[in-house]
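Novice: 3 is the number of the first residue of the sequence shown in our numbering; add one for each residue after it.
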Amino acid sequence: MLNIGLIGNTEILQPYVKRIQKNKKINIIGKSSVGSNDQLNSFHFSIPEFNRVELIERADIILIDNSSLLPFRLLCDIVKKSKHIFTTEYLNLSIEECSQLVKLANEAGSVIQVSNPFYFIPAMLWLNENISSPSFIDVSHFPASPKIGNNTLLPLLLMFLDLTGINPKKIGAVLFRSGQKESDFINVRLEFGDASVVNLNYGTIESLNEFKIKAYSPNQFVTIDFVNKSFTCNNKAIDLTNYPPESEFDIFIDTIINKTKIISSIEDYYFALRTIQKIDKKISQFSSL
Numbered sequence: 003m004l005n006i007g008l009i010g011n012t013e014i015l016q017p018y019v020k021r022i023q024k025n026k027k028i029n030i031i032g033k034s035s036v037g038s039n040d041q042l043n044s045f046h047f048s049i050p051e052f053n054r055v056e057l058i059e060r061a062d063i064i065l066i067d068n069s070s071l072l073p074f075r076l077l078c079d080i081v082k083k084s085k086h087i088f089t090t091e092y093l094n095l096s097i098e099e100c101s102q103l104v105k106l107a108n109e110a111g112s113v114i115q116v117s118n119p120f121y122f123i124p125a126m127l128w129l130n131e132n133i134s135s136p137s138f139i140d141v142s143h144f145p146a147s148p149k150i151g152n153n154t155l156l157p158l159l160l161m162f163l164d165l166t167g168i169n170p171k172k173i174g175a176v177l178f179r180s181g182q183k184e185s186d187f188i189n190v191r192l193e194f195g196d197a198s199v200v201n202l203n204y205g206t207i208e209s210l211n212e213f214k215i216k217a218y219s220p221n222q223f224v225t226i227d228f229v230n231k232s233f234t235c236n237n238k239a240i241d242l243t244n245y246p247p248e249s250e251f252d253i254f255i256d257t258i259i260n261k262t263k264i265i266s267s268i269e270d271y272y273f274a275l276r277t278i279q280k281i282d283k284k285i286s287q288f289s290s291l
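1. If we count the other Cβ atoms within 10 Å of its Cβ and call it buried at 16 or more, is V55 buried or exposed?
2. Starting from R179, follow its DSSP beta bridges and name the residues at the other end.
3. Is A239 helix, strand or coil when you go by DSSP?
4. Within 10 angstroms of the Cβ of N39, are there 16 or more other Cβ atoms? Answer buried if so, exposed if not.
5. Could you tell me which residues DSSP puts in a beta bridge with S142?
6. Express the C-alpha separation of C78 and S286 in angstroms, rounding to a whole number.
7. Specify the secondary structure class of Y272 as computed by DSSP and reduced to three states.
8. Measuring CB to CB, does P145 end up less than 9 Å from S117?
9. How many whole angstroms separate the CB atoms of N203 and S142, which I take to be in contact at a CB cut-off of 8 Å?
10. Taking all protein chains shown into account, do 16 or more other C-beta atoms lie within 10 angstroms of the C-beta of N11, making it buried, or fewer, making it exposed?
11. What residues match up with T89 in a beta bridge as DSSP calls it?
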């Protein structure tokens, strides 16, 4: 049985704990909490509290959220001890720090899985498995309640891990902003070695709530509309019966136990950060600010 320790805000981690408690292969040994007293509930008090160093020593797996603000040195120590890490949110790492973690994880045999929420949606599982290459993929993502900064772009990049990868050969990007209504429109064009193209349109536009993917490849015209729950290929409804929703965390545990390929690894995160750095540079050069 694998022992798991929780580090972070118990309110954020609580849904994961409910899944863990149903899995007989893992056992929660304790937590190191972040949060104010008014956030605490019966769930919080049902799990023993440890300081971080002691919890890391006792656990095989560390489940963390970004509120924990773990020092980079401590993250490195976790990996050096061959512990495994699942992050519910994106770690605030520089590219250099992320590169160092990739190297340490490879040396220690640690599994570090980064959250990739869109990848595990049934329609995306179908798309990653069924669309042929080369492909042209057009994404429009304008949520009603947008997240700020790279927290929008990261999941959009990571969801195409299997389809195109996240290490493009050529990048173009531009931003247009409306100061009066505080709206912005960002376009990112990624070109890959197999002639595939990913065209990302995202940002904040007043009164617009849209998350749609259009994919074109030989003999395949696909439209995935997440907001209206409409999924078609060549104008016919896509059968998602064989693509049930998958739990990121369950996949993570299965990777550790069965030594299967890591999905959304720290190395994938590293490549995504590098790509975002290049995108930011393009935006700074060719944008209306």
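Glycine residues also receive a C-beta, built at the ideal position from the N, C-alpha and C atoms.
Specialist: On the basis of the supplied data:
1. exposed
2. D186
3. strand
4. Model confidence at N39 stands at a pLDDT of 48, short of 50, so the residue's coordinates are unreliable; what they give is reported in the following sentence. Burial call: exposed.
5. N203 and K214
6. 33 Å
7. helix
8. no
9. 5 Å
10. buried
11. I66 and V116
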